[in-house]
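Heads up: the structure comes next, in structure tokens.
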Amino acid sequence: MRKSFIAIIILLSISFTDVFSAEYNIYVSKVTDGDSIHGIYNGKKLKIRLLYIDAPELKQPHGIKAKQFLENMILDKDVTIVCQEKDFYGRELCEVFHYELNTPTYVNAKMIKSGNAWVYKSNRNNNYLINLENDAISNQRGLWSDKNPLEPWVYRRSQK
Numbered sequence: 014m015r016k017s018f019i020a021i022i023i024l025l026s027i028s029f030t031d032v033f034s035a036e037y038n039i040y041v042s043k044v045t046d047g048d049s050i051h052g053i054y055n056g057k058k059l060k061i062r063l064l065y066i067d068a069p070e071l072k073q074p075h076g077i078k079a080k081q082f083l084e085n086m087i088l089d090k091d092v093t094i095v096c097q098e099k100d101f102y103g104r105e106l107c108e109v110f111h112y113e114l115n116t117p118t119y120v121n122a123k124m125i126k127s128g129n130a131w132v133y134k135s136n137r138n139n140n141y142l143i144n145l146e147n148d149a150i151s152n153q154r155g156l157w158s159d160k161n162p163l164e165p166w167v168y169r170r171s172q173k
């Protein structure tokens with residue numbers, strides 16, 4: 014009986030340690046590009062990459078516009094971030110929410126719907142985000158006003 018109880022405790026602790034999620038309210042101090050920001054939380058500087066999206070690089074068509082769109086939405090404002098993990102560069106991978114007049118804006122989704130970002134290549138099975146991207150394509154918003162926009166992951170590969 015004691016061994017089975019210990020085994021259950023061990024299994025539960027293993028399954029719960031694999032799940033990481035953290036929520037912070039931060040001040041956005043800098044927008045690096047259309048999918049990366051810097052924020053301040055309790056005096057600590059954080060580098061944040063918006064989860065699920067990939068915006069054009071600054072040297073690509075629409076790269077500067079994507080950055081400006083994100084700046085207009087959240088620069089010098091307080092936002093809520095929900096972070097899943099860190100990326101290869103040590104940035105927090107987060108969903109970003111901005112609340113204005115008690116109305117929430119899901120920033121990651123708005124970047125896609127406005128045509129300022131693609132659904133990131135590893136998230137192409139997310140129907141909600143793909144529907145937002147398809148809406149932007151149908152309405153030729155942002156980067157979709159170009160005939161054949163080049164995905165940032167393809168652009169980055171070509172620059173190596």
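The sequence shown begins at 14 in this note's numbering and counts up one residue at a time.
Even for Gly, the Cβ is constructed at its ideal location relative to N, Cα and C.
Predicted model only: the values in this text are computed from it and were never measured.
Inset, instruction - Have a look at PHE82, SER34, TYR54 and flag the residue whose alpha-carbon is nearest the alpha-carbon of LEU71. - result: Comparing Cα-Cα distances from LEU71 to each of PHE82, SER34, TYR54, the minimum goes to PHE82.
Legend entry - Beta-carbon contacts of GLU36 that lie in its chain and below 8 Å, excluding the five residues immediately before and after: THR93, ILE94, VAL95, CYS96
Legend entry - Among ARG62, PRO162, LYS43, the one whose alpha carbon lies nearest that of ILE53: LYS43
Legend entry - Alpha-carbon spacing of PHE101 relative to ARG62, whole angstroms: 11 Å
Inset, instruction - Please name the residue or residues paired with ARG62 in a DSSP beta bridge. - result: SER49, LEU106
Legend entry - Residues near LYS99 in its chain [Cβ-Cβ closer than 7 Å; skip 5 each side]: GLU105, LEU106
Inset, instruction - Excluding the 5 residues preceding and the 5 following GLY128 in the sequence, name in chain order all residues of the same chain whose CB lies nearer than 6 Å to its CB. - result: ALA149, ARG154, GLY155, LEU156, TRP157
Inset, instruction - Below 8 Å CB to CB, which residues in the same chain sit around LYS134 once its five sequence neighbours on both sides are set aside? - result: ASP67, GLU164, TRP166
Legend entry - Pairwise C-alpha distance: VAL109 and VAL120: Rounded to whole angstroms, VAL120 to VAL109 spans 5 Å at the Cα level.
Inset, instruction - Note down the Cα distance separating GLY56 from ALA122, rounded to an integer number of angstroms. - result: 28 Å
Inset, instruction - Find the nearest neighbour of LEU88 within the set ASN144, PRO162, THR45, LYS173, judged by alpha-carbon distance. - result: THR45
Legend entry - Rounded C-alpha distance that separates LYS90 from ARG169: 30 Å
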